[in-house]
Amino acid sequence: MKKLLSKIASLPVIQFSHSQKTKTINDEPNPSDKKIIIEHLKKDEFASIDHNLIFKPEISKIDFYRLKEMDFSWEVLKPLSEKVTAYCEENELNHRIGIKILTEEQKALYFWWYLDAQVTNGGFSQFIYNGYDKYFPAILNGLKLLPDQKYYNLIEKVYLYYIQEGLENLDRNEVDYFENKFYENDFLSDADELYYKLNKQLYIDFEVFIRKNQSKYIKPIENKFSGEIFEKKANGIEESLFVVDGIPNGYYEKKEKGIFIEKLKYENGIVIEENTYTDGVLLEKITINNIDSTKVKLIFFPNGNIKEENLMKIKSKNNWVSITQKKFFDNGNIEFESWTDNELKKNLKKYFLDGTVKSHSRKWENKDDSSITQTDYLICYDENKKQTLINGKGIFLGSNQSGDNIYEYIVNCEDYKANGESLIYEDGVIWLKENYVKGMKDGIEIEYDEKGNEKKRSEYKTGQYIGKIK
302 MKKLLSKIAS LPVIQFSHSQ KTKTINDEPN PSDKKIIIEH LKKDEFASID
352 HNLIFKPEIS KIDFYRLKEM DFSWEVLKPL SEKVTAYCEE NELNHRIGIK
402 ILTEEQKALY FWWYLDAQVT NGGFSQFIYN GYDKYFPAIL NGLKLLPDQK
452 YYNLIEKVYL YYIQEGLENL DRNEVDYFEN KFYENDFLSD ADELYYKLNK
502 QLYIDFEVFI RKNQSKYIKP IENKFSGEIF EKKANGIEES LFVVDGIPNG
552 YYEKKEKGIF IEKLKYENGI VIEENTYTDG VLLEKITINN IDSTKVKLIF
602 FPNGNIKEEN LMKIKSKNNW VSITQKKFFD NGNIEFESWT DNELKKNLKK
652 YFLDGTVKSH SRKWENKDDS SITQTDYLIC YDENKKQTLI NGKGIFLGSN
702 QSGDNIYEYI VNCEDYKANG ESLIYEDGVI WLKENYVKGM KDGIEIEYDE
752 KGNEKKRSEY KTGQYIGKIK
């Protein structure tokens with residue numbers, strides 16, 4: 302196991318325990334370890350509760366029925382956090398005392414949120430170094446309330462490691478997080494990976510726990526309510542939602558001073574349509590088909606004409622891939638389209654403003670090496686509508702935009718494939734010079750800097766990278 306950091310070992314205030322066997326995140330605590338944890342949890346400085354001062358916020362009914370997972374938990378946590386801060390300031394109390402206005406269940410969410418924010422941002426090493434380690438007992442006492450103990454078990458192992466490695470005595474004035482590479486620690490890194498795998502489910506489980514123990518968190522809201530809810534919020538915001546037996550069914554609408562901002566359609570709690578507006582004008586519409594796992598995304602011009610149309614299919618949870626894409630001019634004529642044909646080749650087709658074809662190419666993965674992409678160049682006309690590619694021979698002119706940068710390329714072709722020199726320009730300045738033989742990158746590739754000066758040379762052979770030329 303790597304040392305937590307070289308400098309810590311020399312600090313007199315820290316004592317490390319070194320067993321014969323290196324501890325790993327997969328090791329289960331033994332009875333002696335469990336006793337250590339129990340004794341430390343008894344020292345939870347944030348455990349006190351004043352039942353006469355318990356604060357339970359009144360949250361939005363629309364948010365209660367509509368929000369899920371992280372968003373739902375934050376809707377509950379935000380007023381709790383604000384109240385604790387205000388209570389401490391008004392009564393000149395420190396955090397350790399002021400937290401007494403929360404229930405045991407509220408504290409579970411409150412303190413876990415500190416850990417989650419730090420660990421998902423920079424790992425357990427960041428959580429410890431930034432001083433949130435003082436919350437370890439409170440976090441564990443909270444996670445102990447959840448039905449699934451795998452979250453508690455993971456944090457318990459990290460806390461035990463923290464105790465046994467003497468990190469309670471970490472002097473942050475002596476140890477720099479970056480210079481001393483505090484973050485380079487095998488045990489904590491392994492714990493990070495396990496936590497990242499559990500993180501999504503933990504948000505779900507916390508939502509379920511809060512809803513099941515609603516009376517411990519917020520002022521009561523009817524779980525099985527049916528009907529339409531209207532709410533007025535700050536800055537002229539108005540919201541409405543249809544609910545059936547506590548589940549969104551129908552439309553959710555959000556307006557600012559009577560002008561649409563957002564409109565969603567729910568079906569049994571699942572969003573099947575999303576509409577986004579700018580100044581009351583429909584900007585974007587997404588329609589989701591949960592039966593065949595597809596969705597259509599439409600983007601509109603201010604005049605109401607479609608600007609973009611994208612058909613996507615789910616590849617994995619929260620990961621959609623484009624099947625077909627179309628872009629239009631504001632006069633309604635098509636500007637660009639892409640689709641995958643029966644040969645699994647991705648077609649890219651561009652048009653002039655009048656609707657006539659400007660260029661057509663198609664790309665596919667090499668059947669022998671999927672890391673190599675090949676292209677057929679089928680049709681091309683220049684800006685004056687002069688044909689530059691005839692029967693697969695000539696020049697193919699293309700362009701695309703990535704972020705704020707515009708790339709233009711000139712490809713010499715023969716037999717519908719790149720053959721010879723190919724040039725790529727970035728914002729009008731030469732960026733890359735390549736050479737192709739029968740559609741495969743072959744020969745010397747030259748990369749240029751932003752001023753057009755040669756930066757480096759590389760060699761390719763039949764599509765394969767050979768190496769950098771010094």
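302 is the number of the first residue of the sequence shown in the numbering used here; add one for each residue after it.
We put the beta carbon where it would ideally sit given N, CA and C, even for glycine.
Expected contact under 8 angstroms - CB spacing of residue i and residue j to nearest Å
i	j	result
Glu-554	Glu-540	7 angstroms
Ser-374	Glu-532	Actually they do not touch by this definition, with Cβ atoms about 20 angstroms apart.
Gly-581	Ile-600	With a Cβ gap of about 17 angstroms, Gly-581 and Ile-600 do not count as contacting.
Asp-493	Lys-525	The pair is not a contact, with the Cβ atoms about 40 angstroms apart (cut-off 8 angstroms).
Phe-637	Lys-616	Not a contact, Cβ separation roughly 23 angstroms.
Tyr-652	Ile-624	Not confirmed; about 20 angstroms, so no contact.
Ile-548	Phe-365	Rounded, the Cβ-Cβ distance is 12 angstroms, inconsistent with contact.
Leu-542	Ile-363	5 angstroms
Burial state of residue i (16 or more Cβ within 10 Å)
i	result
Leu-410	buried
Ile-691	exposed
Pro-603	exposed
Leu-305	Legend: pLDDT at Leu-305 = 38, less than 50; position of this residue unreliable, value from coordinates given subsequently. Per the 10 Å Cβ criterion, buried.
Gln-419	buried
Phe-479	exposed
Ser-349	exposed
Val-544	buried
Asn-576	buried
Arg-367	buried
Gln-702	exposed
Lys-746	Looking at the sequence shown, residue 746 is not Lys but Glu. Burial call: buried.
Leu-354	exposed
Ile-770	exposed
Ser-723	buried
Gly-432	exposed
Gly-424	buried
Enclosing alpha helix (DSSP H) for residue i [first to last residue]
i	result
Ser-703	No alpha helix (DSSP H) holds Ser-703; the beta strand (DSSP E) holding it covers 694–703.
Ser-374	370–391
Phe-637	That residue, Phe-637, is in no alpha helix (DSSP H); its beta strand (DSSP E) goes 635–641.
Pro-358	That residue, Pro-358, is in no alpha helix (DSSP H); it is neither H nor E in DSSP.
Tyr-552	No alpha helix (DSSP H) holds Tyr-552; the beta strand (DSSP E) holding it covers 548–557.
Asn-685	Premise fails: Asn-685 is in no alpha helix (DSSP H) and is neither H nor E.
Val-509	487–513
Ile-337	332–342
Ile-398	396–399
Run of the beta strand (DSSP E) containing residue i, from where it starts to where it stops
i	result
His-661	658–666
Asn-422	Where Asn-422 is concerned, there is no enclosing beta strand (DSSP E), although the alpha helix (DSSP H) it sits in stretches over 405–430.
Ala-535	Counting along the chain, Ala-535 falls outside any beta strand (DSSP E), and DSSP gives it neither H nor E.
Lys-445	Looking at the DSSP string, Lys-445 is not in any beta strand (DSSP E), and its letter there is neither H nor E.
Arg-758	755–762
Ile-629	For clarity, residue 629 is Phe in the given sequence; the question names Ile instead. From DSSP, the beta strand (DSSP E) with Phe-629 extends over 620–629.
Leu-468	That residue, Leu-468, is in no beta strand (DSSP E); it is neither H nor E in DSSP.
Ile-587	582–590
Gly-721	718–727
Spatial neighbours of residue i in its chain, beta-carbon cut-off 7 angstroms, leaving aside the 5 residues before and after
i	result
Lys-556	Glu-539 and Ile-562
Pro-313	At Pro-313 the pLDDT is 33, less than 50, meaning the model places this residue with poor confidence and gives no usable figure here.
Gly-633	Asn-606
Ser-426	Phe-483, Tyr-484, Asn-486 and Leu-489
Ile-571	Asn-591
His-396	Cys-389
Asp-728	Asn-706 and Ile-707
Proximal residues to residue i (C-beta, below 8 angstroms), its chain only, five neighbours per side dropped
i	result
Asp-743	Asn-736, Tyr-737, Tyr-761, Lys-762, Thr-763 and Gly-764
Lys-693	Lys is not the amino acid found at residue 693; the sequence shown has Gly there. Within the same chain, Gly-693 has close Cβ partners Tyr-678, Leu-679, Cys-714, Glu-715, Asp-716, Tyr-717 and Lys-718.
Val-377	Pro-358, Ile-360, Leu-410, Ile-511, Tyr-518 and Ile-519
Ser-311	The pLDDT assigned to Ser-311 is 35, lower than 50, so where the model puts this residue is not dependable, and the model offers no usable value.
Gly-768	Ser-759 and Glu-760
Lys-451	Leu-499
Leu-446	Glu-405, Glu-406, Ala-409 and Phe-510
Lys-646	Arg-663, Lys-664, Trp-665 and Asp-677
Asp-631	Phe-602, Asn-604, Asn-606 and Lys-608
Own chain residues within Cβ distance below 6 angstroms of residue i, not counting five before or after
i	result
Gly-721	Asn-713
Gly-399	Val-385, Tyr-388 and Cys-389
Glu-709	Ser-700 and Tyr-726
Gln-316	Reliability fails at Gln-316, whose pLDDT of 37 lies under 50, so the model's placement of it is uncertain and the value that follows must be treated cautiously. For Gln-316, where only same-chain residues beyond five positions count, the Cβ hits under 6 angstroms are Gly-467.
Glu-748	Leu-733, Lys-756 and Lys-757
Lys-408	Gly-443
Ile-505	Glu-370
Met-741	Thr-763 and Gly-764
Tyr-460	Phe-437
His-319	Summary for His-319: the model assigns pLDDT 38, below 50, so the residue's position carries little reliability; its value from the coordinates is reported in the next sentence. There are no such residues.
TODO: Decide yes or no for the touch test of the stretch 374–389 against the stretch 400–418: beta carbon pairs closer than 8 angstroms, at least 3 of them.
DONE: Yes, the stretch 374–389 is in contact with the stretch 400–418.
TODO: Tell me, please, whether the stretch 650–664 touches the stretch 684–700 by the rule of three or more beta-carbon pairs shorter than 8 angstroms.
DONE: Result yes; three or more Cβ-Cβ pairs closer than 8 angstroms.
Open item on the list: Measuring CB atoms only, is the stretch 442–461 touching the stretch 386–402, in the sense that at least three cross pairs come out at less than 8 angstroms?
Closed with: Taking a cut-off of 8 angstroms on C-beta distances, the stretch 442–461 does not touch the stretch 386–402, as fewer than three cross pairs fall below it.
Task: Given 8 angstroms, three or more beta-carbon pairs between the stretch 504–519 and the stretch 322–338 - done: Contact fails: fewer than three Cβ-Cβ distances are below 8 angstroms.
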